[in-house]
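Protein chains in written order, with my numbering: chain U, 6 to 306; chain F, 36 to 321. Below is one structure; the comments refer to it alone.
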Amino acid sequence: MGALTAARQDPKGEVYALLPEPNAEACHEVLRQYGADRIVVIQTPEADLSPFPEGQAAVLAAAIDRFQLDALLGASGEAGRDLLARIASIIGAPLILDCLDIDFPSGTVRKSHFSGKTTATLRLNSRPWILGLRPNIITEQIDPRPGDIVVYEIPLHVSKRLVIREVKQGSSGGPDVSEAEIVISGGRAVGSAENFRILKECASVLGAAVGASRAAVDAGFASHALQIGQTGKTVSPRLYIACGISGSVQHFAGMKTAKVIVAVNNDPDAPIFQKCDYGLLGDLFEVVPALTRALGPGRSK
Amino acid sequence: MRIYVCIKHVPDTAANIRPLGGTAFDETVKFIMNPYDEYALEQALRIRENGAGAEVVAVTVGKEVAVSTLRTALAMGADRAILVKTDAYFTDSAETGCLLHSAISRDGSPDLILTGRQSVDTEGMQIPYRLGALFDMPVAANVVAFSMDEGRVIVEREIEGDVREVIEMTMPCVVGAAKGLNQPRSPTLPDMMKAKKKEIRVIPQADLGFLAPVPAVELLGLQTVPDRGRGSILVGEPERKNGAGASVPAPERGQGSIVEKERLWRGSAFSSRRGKARSKKPAWAP
Ligand SMILES: Cc1cc2nc3c(=O)[nH]c(=O)nc-3n(C[C@H](O)[C@H](O)[C@H](O)COP(=O)(O)OP(=O)(O)OC[C@H]3O[C@@H](n4cnc5c(N)ncnc54)[C@H](O)[C@@H]3O)c2cc1C
Ligand SMILES: Nc1ncnc2c1ncn2[C@@H]1O[C@H](COP(=O)(O)O)[C@@H](O)[C@H]1O
């Protein structure tokens, strides 16, 4: 939905929502609410394209050509990155992933370079633009449009040289860390996989996702999928709570664009206190459960 | 079997990046091998060591100084290396893809191409896909597990929410490595000595026929991102309840703006120096 809101910022633009799922009627109303002028329902002879990422990209690439689209916008979470990069490579189009914002009139976008230490301004010199937005960077806005349905049937020969054989669900559960509005992360100081439970409990009352520093991941306290930072995920939540994390540059690379950063640390000299919005000086084993109790269902008025 | 590993020469992730106006930055900082590319190279070396009898070739597009990262790759165990020498530090991703493609295809025919999942300098996140399209090979990126069997590669790729896709591809193919795939080795001193004798072929960018008119994506400028500055620090006891169950102010020595603290911590069990018991829940609470 953030991508729709971003697309609406193009003063001259007519916004098409491309929907490769023929049976997703439930989505149509939402797409209209968030500003789709047209909804392109894509139908292919292959009933289910989900095991074939190359096929999914090929139909979307074909739709760009069929409707002469000037730009394709999507979310650059892990799945979005993969799809957008496949599409851009098929048509040889310029691609910028993880955009922080887009300026349509000048054809420029901004994105992080050097792990968030600098922001680069990039200009797109040819069309169509393929752009992925950092999740949560744009607040979606309701802007109802007609959302007329256009059915696009495409006779596609799906290559089977690449097949998704299985999708394995990890153990963490809860919302995805790269898309969550609130993230609570634990560092080395959490001490064990078992202790991560206190973060999970707090996350569940906050509706947050749990993240981890590399030190916590390397020590086996949390799975790789939860790592935030340079070599992990990039997140941009409204609120980021770092518990027992010292605040290395590599960790900041992954969470610098959070709207509010709160650090819980028992060392007044912890570097993270120098670059956060709010610091709580205290032991995470006291502070986090207190937060859980304070914000949980039974909290006192 | 021949394996090409794409390796980028990038500033150390801990280095302070100082923009110098336009697209220039202070390049006197320490440079290293792009961290994800270490996983890619390690995987290639393991394939070779597991008896597949592979030749491992490291390829870089970069300025002449990038030779130092290729030396590291050779010390880790790559058999030889190719540098596509550019004049400018930044090259558009699409162009880098073309340069890697033409350097590799002139050199030989790849059975496997390994890359990292992303560069930590330009964060393009696309070279493996560009190579896949140019070589017409299947691609999987963000790969955390790899196995190979009779012309097929099976990988696990991490996607959102702690979910992994198990992907099967025919070879030749392109694989983008992520953290978790393996533990890269560190070269020893003798390794580094041996690496000095290995071949690094340098090809000027112009020899590959790419003198870009205007890149499709043009870098206009780099700006420093200011740090947030010191946060408002709260000190106190997490919870101190009176009989009625309301929060009672705990002694506090914090610095910084109390107004801000109140904005955020209304309703939490924490309290600021002003010491009012607060009742409203924070704006971001569910
Ligand atoms: C190439 C490269 C890539 C990297 N990528 C990443 C990455 O993606 N993500 C990442 O996070 N790191 C990454 N790192 C590692 C990074 O440099 C740091 O080593 C790491 O972030 C440190 O993790 P930490 O903050 O959990 O641990 P520490 O630095 O050990 O910090 C622990 C903190 O907990 C505090 N503490 C201790 N006990 C308590 C308590 N009871 N209550 C509250 N606080 C307590 C301490 O005061 C300390 O500040 C990378 C490093 C390199 C070289
Ligand atoms: N200039 C380059 N030279 C060699 N390999 C590169 C270069 N740029 C990117 N790569 C490879 O492509 C991967 C992804 O890079 P990127 O698409 O720039 O994020 C990196 O991890 C490298 O393996």
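From the three backbone atoms N, C-alpha and C, an ideal C-beta is built for every residue, glycine too.
Where do the N-terminal and C-terminal ends of the alpha helix (DSSP H) with residue i fall, by residue?
{"i": "residue 67 of chain U", "result": "58-71"}
{"i": "residue 142 of chain F", "result": "128-142"}
{"i": "residue 74 of chain F", "result": "70-82"}
{"i": "residue 295 of chain U", "result": "289-300"}
{"i": "residue 44 of chain F", "result": "Residue 44 of chain F -> not in any alpha helix (DSSP H); beta strand (DSSP E) instead, spanning 44-46."}
Ordered along the chain, which non-local residues of its own chain (more than five positions away) have a Cβ less than 8 Å from that of residue i?
{"i": "residue 104 of chain U", "result": "81, 114, 115, 116, 136, 137, 138, 139, 142"}
{"i": "residue 81 of chain F", "result": "217"}
{"i": "residue 244 of chain F", "result": "137"}
{"i": "residue 88 of chain F", "result": "36"}
{"i": "residue 264 of chain F", "result": "none"}
{"i": "residue 125 of chain F", "result": "58, 157, 254"}
{"i": "residue 222 of chain U", "result": "228, 229, 231, 232, 237"}
{"i": "residue 95 of chain U", "result": "62, 63, 66"}
{"i": "residue 225 of chain U", "result": "198"}
Hey, could you find the ends of the beta strand (DSSP E) residue i is sitting in?
{"i": "residue 267 of chain F", "result": "267-270"}
{"i": "residue 163 of chain F", "result": "Taken as a continuous stretch (DSSP letters only), residue 163 of chain F belongs to no beta strand (DSSP E), being part of the alpha helix (DSSP H) at 162-170."}
{"i": "residue 120 of chain F", "result": "115-120"}
{"i": "residue 118 of chain U", "result": "113-118"}
{"i": "residue 94 of chain U", "result": "Residue 94 of chain U -> not in any beta strand (DSSP E); alpha helix (DSSP H) instead, spanning 83-96."}
{"i": "residue 47 of chain U", "result": "43-48"}
Using beta-carbon positions only, say whether residue i and residue j come within less than 7 Å of one another.
{"i": "residue 40 of chain U", "j": "residue 150 of chain U", "result": "yes"}
{"i": "residue 78 of chain F", "j": "residue 134 of chain F", "result": "no"}
{"i": "residue 33 of chain U", "j": "residue 44 of chain U", "result": "yes"}
{"i": "residue 62 of chain F", "j": "residue 130 of chain U", "result": "no"}
{"i": "residue 269 of chain F", "j": "residue 296 of chain U", "result": "no"}
{"i": "residue 139 of chain F", "j": "residue 84 of chain U", "result": "no"}
{"i": "residue 7 of chain U", "j": "residue 158 of chain U", "result": "no"}
{"i": "residue 195 of chain U", "j": "residue 205 of chain U", "result": "no"}
{"i": "residue 115 of chain F", "j": "residue 233 of chain F", "result": "yes"}
{"i": "residue 126 of chain U", "j": "residue 56 of chain F", "result": "no"}
{"i": "residue 178 of chain F", "j": "residue 213 of chain F", "result": "yes"}
{"i": "residue 42 of chain F", "j": "residue 121 of chain F", "result": "no"}
{"i": "residue 186 of chain U", "j": "residue 242 of chain U", "result": "yes"}
{"i": "residue 163 of chain F", "j": "residue 207 of chain F", "result": "no"}
Less than 7 Å between CB atoms is the rule here; does residue i satisfy it with respect to chain U?
{"i": "residue 164 of chain F", "result": "yes"}
{"i": "residue 218 of chain F", "result": "no"}
{"i": "residue 52 of chain F", "result": "yes"}
{"i": "residue 48 of chain F", "result": "yes"}
{"i": "residue 78 of chain F", "result": "no"}
{"i": "residue 187 of chain F", "result": "no"}
{"i": "residue 87 of chain F", "result": "no"}
{"i": "residue 262 of chain F", "result": "yes"}
{"i": "residue 214 of chain F", "result": "yes"}
{"i": "residue 267 of chain F", "result": "yes"}
{"i": "residue 285 of chain F", "result": "Residue placement at residue 285 of chain F is flagged as unreliable, the pLDDT there being 38, under the threshold of 50; the coordinate-derived value follows with that caveat. Answer no: the Cβ-Cβ gap between residue 285 of chain F and chain U never drops below 7 Å."}
{"i": "residue 240 of chain F", "result": "no"}
{"i": "residue 173 of chain F", "result": "yes"}
{"i": "residue 236 of chain F", "result": "no"}
{"i": "residue 202 of chain F", "result": "yes"}
{"i": "residue 146 of chain F", "result": "no"}
{"i": "residue 207 of chain F", "result": "no"}
{"i": "residue 168 of chain F", "result": "yes"}
{"i": "residue 303 of chain F", "result": "Here the model assigns residue 303 of chain F a pLDDT of 36, short of 50, so the residue's position is not dependable and the matter cannot be decided."}
With a threshold of 6 Å on Cβ separation, who are the neighbours of residue i within its own chain once the five nearest residues in sequence on each side are excluded?
{"i": "residue 147 of chain U", "result": "38"}
{"i": "residue 201 of chain F", "result": "191"}
With 7 Å set as the bound, which would you pick, yes or no: does the beta-carbon of residue i sit closer than that to a beta-carbon of chain F?
{"i": "residue 229 of chain U", "result": "yes"}
{"i": "residue 167 of chain U", "result": "yes"}
{"i": "residue 175 of chain U", "result": "yes"}
{"i": "residue 71 of chain U", "result": "no"}
{"i": "residue 6 of chain U", "result": "no"}
{"i": "residue 281 of chain U", "result": "yes"}
{"i": "residue 205 of chain U", "result": "no"}
{"i": "residue 123 of chain U", "result": "yes"}
{"i": "residue 181 of chain U", "result": "yes"}
{"i": "residue 130 of chain U", "result": "yes"}
{"i": "residue 118 of chain U", "result": "yes"}
Spatial neighbours of residue i within its chain, please: CB distance less than 7 Å, with the 5 preceding and 5 following residues excluded, ordered by chain position.
{"i": "residue 86 of chain U", "result": "102, 137"}
{"i": "residue 259 of chain F", "result": "54"}
If residue i sits next to residue j, beta carbons under 8 Å apart, how far is it from one beta carbon to the other, in whole angstroms?
{"i": "residue 269 of chain U", "j": "residue 49 of chain F", "result": "The Cβ separation is near 24 Å, so there is no contact."}
{"i": "residue 227 of chain U", "j": "residue 257 of chain U", "result": "Going by Cβ atoms, the distance from residue 227 of chain U to residue 257 of chain U rounds to 18 Å, so no, they are not a contact pair."}
{"i": "residue 93 of chain F", "j": "residue 76 of chain F", "result": "7 Å"}
{"i": "residue 211 of chain F", "j": "residue 180 of chain F", "result": "About 13 Å; that fails the 8 Å criterion."}
{"i": "residue 259 of chain U", "j": "residue 275 of chain U", "result": "That belief does not hold up - the Cβ atoms of residue 259 of chain U and residue 275 of chain U are roughly 18 Å apart, past 8 Å."}
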